[in-house]
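Undergrad:
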Amino acid sequence: MATTIIDFATALTVLGNTLKARRQALGLSQQALAAGLCAQTMIGNIEKGIDLPDANLLAKLCERLCLPYKQMLRENYPIRRLPSFSDKVHRLYDQQRYTDLKAYMERPDRLQVLTTDEDLKTYYYYYGCAVYQVTHDATAALQSIRTALTMMMPQHPQRYRTLEVLLFSVENYLTAAITTNQPNYAGFERALTIVREHRLVDNSQNLGMIFNQYARSCLMQSQPERAIRILIEGIAWADTHGSDYMLADDYALLVRAHALMQQMVNDQQIRGTATSAVLATRS
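Just so we're aligned, residue 714 is where the sequence shown starts under this note's numbering, counting upward by one.
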């Protein structure tokens, strides 16, 4: 049965259950999992949802448990006119060979034969992602993603393809990377509204990427509370759909967001104490 995740504490319980189930599936004891990483009691407390591991420990636990971490797409999108080209694009993307992918996709003879909106939309999605990974130039990558969005016909359908919803999310993520002084989550909210209202032609585990990108943008804007809320929703979505896609990444962000929120609370308390001391001195 799916768990209804409504708060941070329940999210920790789901994390503990996920790690415990994976440990047991691999035939590992708590002691074996903890060896060289932490105390066995820490593993027990994490599995009970009592303790939250820090980002470093979580990454090591995921690695030892062979849980997918820092994933790309769970399912790829075909470029139908050029199946062999499409297969190589997917292979390079999955292997995270972005420099090779960018160079391979830039061959002009490939783009010239793509005539359908669907193929062009897919081409520019992968190319935009490759450009950003290689150059970290959000402006250049954004140009490709927006070109992909112009291939969406009609622009405001009743139902959407998963790739189109991902494009809304990526566009917002790249825009946020360029304009960090003005938080704008319109693209993420549009994407999540479509997901929440089940207005999708297809239903892919890739949708879990949206919650992660949204939360990362919130952290860029120093809004950890909003990031935590979005991550909890993403973890709930994955739990409901029986998916482990992006779960390790989401929990890594949850750790970061929680630490940032605690730091902000502590800083506020320190400022409040300092202000009180100054006022007391003046009086």
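All residues carry an ideal CB built from backbone N, CA and C; glycine is no exception.
All values reported here derive from a predicted model rather than from experimental measurement.
Where does L771 sit, in a helix, a strand or coil, going by DSSP?
TA: The residue given as residue 771 occupies position 58 in the sequence shown. In this structure, L771 counts as helix in the three-state DSSP scheme.
Undergrad: Taking the alpha-carbon positions, what's the A975 to P937 distance?
TA: The sequence position of residue 975 within the sequence shown is 262, counting from 1. The sequence position of residue 937 within the sequence shown is 224, counting from 1. Strictly speaking, residue 975 in this sequence is Gln, with Ala absent from that position. Those two C-alpha atoms are separated by around 9 Å.
Undergrad: Kindly indicate which residue of L795, T812, Y811 and Q808 has the alpha-carbon position closest to the one of Q825.
TA: By 1-based counting over the sequence shown, the position of residue 825 is 112. Measuring from the Cα of Q825, the nearest candidate turns out to be L795.
Undergrad: Whose CA, out of W950, G955 and L944, lies closest to the CA of A965?
TA: Looking up residue 965 in the sequence shown gives position 252. Considering only alpha carbons, the answer is L944.
Undergrad: Keeping to the same chain, check which residues put their C-beta closer than 8 Å to that of D957; ignore five residues upstream and five downstream.
TA: Residue 957 sits at position 244 when you count from the first residue of the sequence shown. Within the same chain, D957 has close Cβ partners T731, L780, P781 and A951.
Undergrad: Grab the span of the alpha helix (DSSP H) containing L814 for me, first residue to last.
TA: The count along the sequence shown starts at 1 and reaches residue 814 at position 101. Where L814 is concerned, the enclosing alpha helix (DSSP H) stretches over Y811 to M818.
Undergrad: For L1000 and A940, what's the separation of their Cα atoms in angstroms?
TA: No information on residue 1000 is available, as it lies outside the stretch 714 to 996 that the chain covers here.
Undergrad: Which of the three DSSP states is assigned to A715 in this structure?
TA: By one-based count along the sequence shown, residue 715 stands at place 2. Any reading at A715 is ruled out, since the residue's pLDDT is 39, under 50, leaving its predicted position unreliable.
Undergrad: Select from D830, T812 and G955 the residue whose C-alpha is nearest the C-alpha of V847.
TA: Walking along the sequence shown from the start, residue 847 turns up at place 134. V847 has its Cα closest to that of T812, out of D830, T812 and G955.
Undergrad: With respect to the alpha helix (DSSP H) encompassing Y790, which residues constitute its N-terminal and C-terminal limits?
TA: Residue mapping note: residue 790 aligns to position 77 of the sequence shown, counting from 1. Counting along the chain, Y790 falls outside any alpha helix (DSSP H), and DSSP gives it neither H nor E.
Undergrad: In the DSSP assignment, find the alpha helix (DSSP H) that holds V727 and state where it starts and stops.
TA: For the purposes of this step, residue 727 is taken as residue 14 along the sequence shown, with counting starting at 1. Element bounds for V727: F721 to A738.
Undergrad: Let's test the definition: count the other Cβ atoms within 10 Å of the Cβ of T828 and tell me whether it reaches 16, buried, or not, exposed.
TA: Along the sequence shown, one-based indexing puts residue 828 at 115. Exposed.
Undergrad: Suppose you measure from the CA of T716 to the CA of M933; what does that come to, to the nearest Å?
TA: Here residue 716 is taken as the residue at index 3 of the sequence shown, counted from 1. Here residue 933 is taken as the residue at index 220 of the sequence shown, counted from 1. Here the model assigns T716 a pLDDT of 41, short of 50, so the residue's position is not dependable, and the following value carries that caveat. When the Cα atoms are used, T716 and M933 turn out to be separated by approximately 29 Å.
Undergrad: Is DSSP giving L780 helix, strand or coil here?
TA: In the sequence shown, residue 780 corresponds to position 67, counting from 1. Coil, per DSSP.
Undergrad: Could you pull the start and end residues of the alpha helix (DSSP H) that Y840 belongs to?
TA: Working through the sequence shown from its first residue, we reach residue 840 at position 127. Its alpha helix (DSSP H) spans residues D830 to T848.
Undergrad: First and last residue of the alpha helix (DSSP H) that includes N916?
TA: Residue 916 sits at position 203 when you count from the first residue of the sequence shown. Note, N916: premise wrong, no alpha helix (DSSP H); not H, not E.
Undergrad: If you count every other CB in all the chains shown that lies within 10 Å of the CB of L920, and 16 or more means buried, which is it?
TA: The residue you call residue 920 lines up with position 207 of the sequence shown. Classification for L920: buried.
Undergrad: So, is the C-beta of R793 closer than 7 Å to a C-beta in chain C?
TA: In the structure shown, chain C cannot be found, because there is only a single protein chain.
Undergrad: Among the candidates E910, Y873, Q856 and L913, whose CA atom is the shortest distance from the CA of E884?
TA: As a position in the sequence shown, residue 884 is number 171, starting the count at 1. Looking at the Cα atoms, Q856 is the closest of the given residues.
Undergrad: Leaving out five residues on either side along the sequence, give the residues of the same chain with a beta carbon under 7 Å from the beta carbon of I756.
TA: Position 43 of the sequence shown holds residue 756. Spatial neighbours of I756 in its own chain (CB-CB distance under 7 Å, excluding positions within 5 residues in sequence) are listed in chain order as Q743, L746 and A747.
Undergrad: Alpha carbons only, please: which of A949, G955, R872 and A928 is nearest the one belonging to V968?
TA: Residue mapping note: residue 968 aligns to position 255 of the sequence shown, counting from 1. The option with the nearest alpha carbon to V968 is A928.
Undergrad: Within 10 Å of its beta-carbon, does L739 have 16 or more other beta-carbons around it, so buried, or fewer, so exposed?
TA: Taking the first residue of the sequence shown as 1, we reach residue 739 at position 26. The residue is exposed, with fewer than 16 neighbouring Cβ atoms inside 10 Å.
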